[in-house]
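Enquirer: First the structure, which I've put down as structure tokens, then a few questions once you've had a look.
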Amino acid sequence: MKTDIQIAQEARMLNIFQIANQLGLSDDDIEAYGKYKAKIDLNVLKKFEGKKDGKLVLVTAITPTPAGEGKSTVTVGLTQAINKLGYLSVAALREPSLGPVFGIKGGATGGGYSQVIPMEDINLHFTGDLHAIGAAHNLIAACIDNHLHSGNLLNIDINKITWKRCVDMNDRALRNVVIGLGGKANGIPRESSFQITVASEIMAALCLATSLIDLKQKIGNMIFAYDTTGKPLKISDLKIEGAATALLKEAIKPNLVQTLENTPVLIHGGPFANIAHGCNSILATKMALKLSDYTITEAGFAADLGAEKFLDIKCRKGNITPNCIVVVATIRALKHHGGAKELATENVEALKKGISNLDKHVENMKKYNVPVVVAINKFITDTDMEVNFIKEHCDRLNIPVALCEVWEKGGQGGEELAKLVLKELGSEKDNYKPLYPLNMSIEDKIKTICKEIYGASGVEFGKNAKKMLSTIKELNYGDLPVCISKTQKSLSDDPKLLGRPENFIVTINELRISAGAGFIVAMAGDIIDMPGLPKKPAAELIDIDENGKIEGLF
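Its first residue numbered 0, the sequence shown is counted upward by one per residue in numbering that gives the first Met the number 0.
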């Protein structure tokens, strides 16, 4: 059986100008990065502002196993399938982070015959967006320490500097560091830490910005520390928001690539969904809606994380209305939630126990008043008996369901799902509404998400979180939406609670104000914003020959 990278390297790619022309873009609307990648000029939004938006489909999933359940693969396959049916469909995806690429999960360009190409470029440096975000973030970090070294006119409390440094790599040794050692000329010694680039507030802001000037304002509003009186200090106090934004003038432009079947794809931005809001950029999504009949996008991890944040944060910030939600389910993940240890062996009993996880995610998505469809993402080890069990279960509950074989068959394997999605899109049943109003208190917003989406019986706030609730109210940030940071391995905040947990309490340890991105981060459980590598990282499998051909990337 061919690997993902072998399939990708055998593909016949079209010149990126041909892909752009499919969307009605002229050569002047894009800036080519070689033959097969391009940036799209932001003026395209103004050029097509009079054109009616296409329909928007969100792809999410059940609670995943560590390897993921194939949201990107289904997103790409569904896009290819809709195009095969004679419509113009565009996928809007996140950019991969180098952390997972060299860690345990691998790349993020789909798999099998439902991939985005050139997959090596996209999974590695791509067009340099993540590097630019890291540079802007670290410029701010350098200016903070330079300000301390130069007299600290802002009276920064050295123990209340919240701005970290970042690098787009899994490196646990950087979680806690001491900087400024070596004498007075080298700065003021203090404890600090690193986070992975995709956890940076700069990343979140870029993905929620609606223009370059909006991004500059967002960066200026970011809180980097508190002074000795407890007053929050913003990047604008350092007068460097313009410089940081200058580093992002190309990164803010969405990227254009293609699938194996030469279908257009916009890839832009990539915040993690358990740490941040887990969605691609508003700009890329808005462009895709203007340029296509159907935009297929995804949100990170399961529906309790990425989809909730897409629906309660991104849609509000971008004034975007979803028209259908696809919940991806895999037999292996459902068996995992049913207690099975061997996921490649037929086990209908484990499926029966684990199906409650799917039920909960479908129930959650229906709370947003948008049609919901289940996609069974088929793996080669799945049996007919297992597939039929899920189909019959969904039929009994009147949940539209389709088998999806896009990994093996590409767009052709997604036509059953595509027809079902198109049917739901034509039903006019969508009447999207967020889960909570913005004028609800931060405490009640958190409780609403935890009880309605996670299924918690209650929420407990730690000492630091309670103190921050008061601070948020005093500083007038109470009308912001909430981004809960929690494990992706469970509906609860305990990764060991599989299936559909009940009678559990969610503990909020800390609250952080992301004033620039425009949300409050609630830390539930022990979520680390600088991951570590596994014992056998994916990096050990990747190699390159003298001709520059890469192998082992997946």
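The beta-carbon is built from N, C-alpha and C at its ideal position, and this holds for glycine as well.
Can you list, in chain order, the stretches of the alpha helix (DSSP H) that have 4 or more residues and sit fully within the stretch 161 to 234?
Expert: Those alpha helix (DSSP H) runs which fall completely within the stretch 161 to 234 and span 4+ residues are 200 to 207, 211 to 219.
Enquirer: Using the Cβ count rule (16 or more neighbours within 10 Å means buried), how would you classify Met0?
Expert: Met0 is exposed by the Cβ-count criterion.
Enquirer: Please name the residue, chosen from Asn169, Leu97, Tyr86, Ala31, that lies closest to Lys534 on a Cα-to-Cα basis.
Expert: Out of Asn169, Leu97, Tyr86, Ala31, Asn169 has the C-alpha closest to the C-alpha of Lys534.
Enquirer: Can you find the residues in the same chain that come closer than 8 angstroms, C-beta to C-beta, to Glu414, ignoring five residues on each side of it along the sequence?
Expert: Ala80, Lys83, Leu84.
Enquirer: If we call anything under 8 angstroms between Cβ atoms a contact, is Ile554 one with Thr196?
Expert: As shown, the chain starts at 0 and ends at 553. That puts residue 554 outside it, with no answer to give.
Enquirer: Just how far apart, CA to CA, sit Gly517 and Phe378?
Expert: Rounded to the nearest angstrom, the two C-alpha atoms are 39 angstroms apart.
Enquirer: Assuming Val100 contacts Ala537 (C-beta within less than 8 angstroms), just tell me the rounded distance between them.
Expert: With a Cβ gap of about 7 angstroms, Val100 and Ala537 count as contacting.
Enquirer: According to DSSP, simplified to helix, strand and coil, what is Gly353?
Expert: Helix, per DSSP.
Enquirer: How would you label Leu437, buried or exposed, when you count the other beta carbons within 10 angstroms and need 16 or more for buried?
Expert: So Leu437 counts as exposed.
Enquirer: For Lys217 versus Ala204, is the C-beta spacing smaller than 8 angstroms?
Expert: Closer than 8 angstroms, so yes.
Enquirer: Leaving out the 5 sequence neighbours to the left and right, which residues in its chain are closer than 8 angstroms to Glu48 when beta-carbon positions are compared?
Expert: Result list for Glu48: Lys289, in chain order.
Enquirer: Please say whether Arg164 and Gly531 have beta carbons closer to each other than 8 angstroms?
Expert: No, the pair does not count as a contact, with Cβ atoms beyond the cut-off.
Enquirer: Could you check how far apart the C-beta atoms of His276 and Lys308 are, in whole angstroms? I think they sit under 8 angstroms.
Expert: His276 to Lys308, Cβ: 4 angstroms. Contact.
Enquirer: Let me confirm a value: Val177 is counted as buried when at least 16 other C-beta atoms fall within 10 Å, else exposed. Which label applies?
Expert: Classification of Val177: exposed, given that the 10 Å Cβ count is below 16.
Enquirer: Going straight from the alpha carbon of Ser235 to that of Leu152, what length do you get?
Expert: Their Cα atoms are separated by approximately 14 angstroms.
Enquirer: For Val481, report the span of its beta strand (DSSP E) as first-last.
Expert: Its beta strand (DSSP E) spans residues 481 to 484.
Enquirer: Near Asp381, what residues of its chain come up, given a Cβ to Cβ distance below 7 angstroms and the 5 sequence neighbours on each side ignored?
Expert: Ile330.
Enquirer: Is there contact here, the stretch 4 to 17 with the stretch 26 to 43, by at least three beta-carbon pairs under 8 angstroms?
Expert: The stretch 4 to 17, when compared against the stretch 26 to 43, does touch it at the 8 angstroms Cβ threshold.
Enquirer: Return the CA-CA distance between Ala242 and Gly181, expressed in angstroms with no decimal places.
Expert: C-alpha separation (whole angstroms): 28 angstroms.
Enquirer: What whole-angstrom Cβ distance do Thr62 and Lys488 have, given they're in contact under 8 angstroms?
Expert: Thr62 to Lys488, Cβ: 7 angstroms. Contact.
Enquirer: Verify whether the separation of the beta carbon atoms of Ala287 and Val89 is less than 8 angstroms.
Expert: Yes.
Enquirer: Let's see if you can read the secondary structure: which residues bound the beta strand (DSSP E) around Met522?
Expert: It spans 518 to 523 - the beta strand (DSSP E) in which Met522 sits, taken as one unbroken run.
Enquirer: Are the beta-carbon atoms of Ser513 and Gly477 separated by less than 8 angstroms?
Expert: No.
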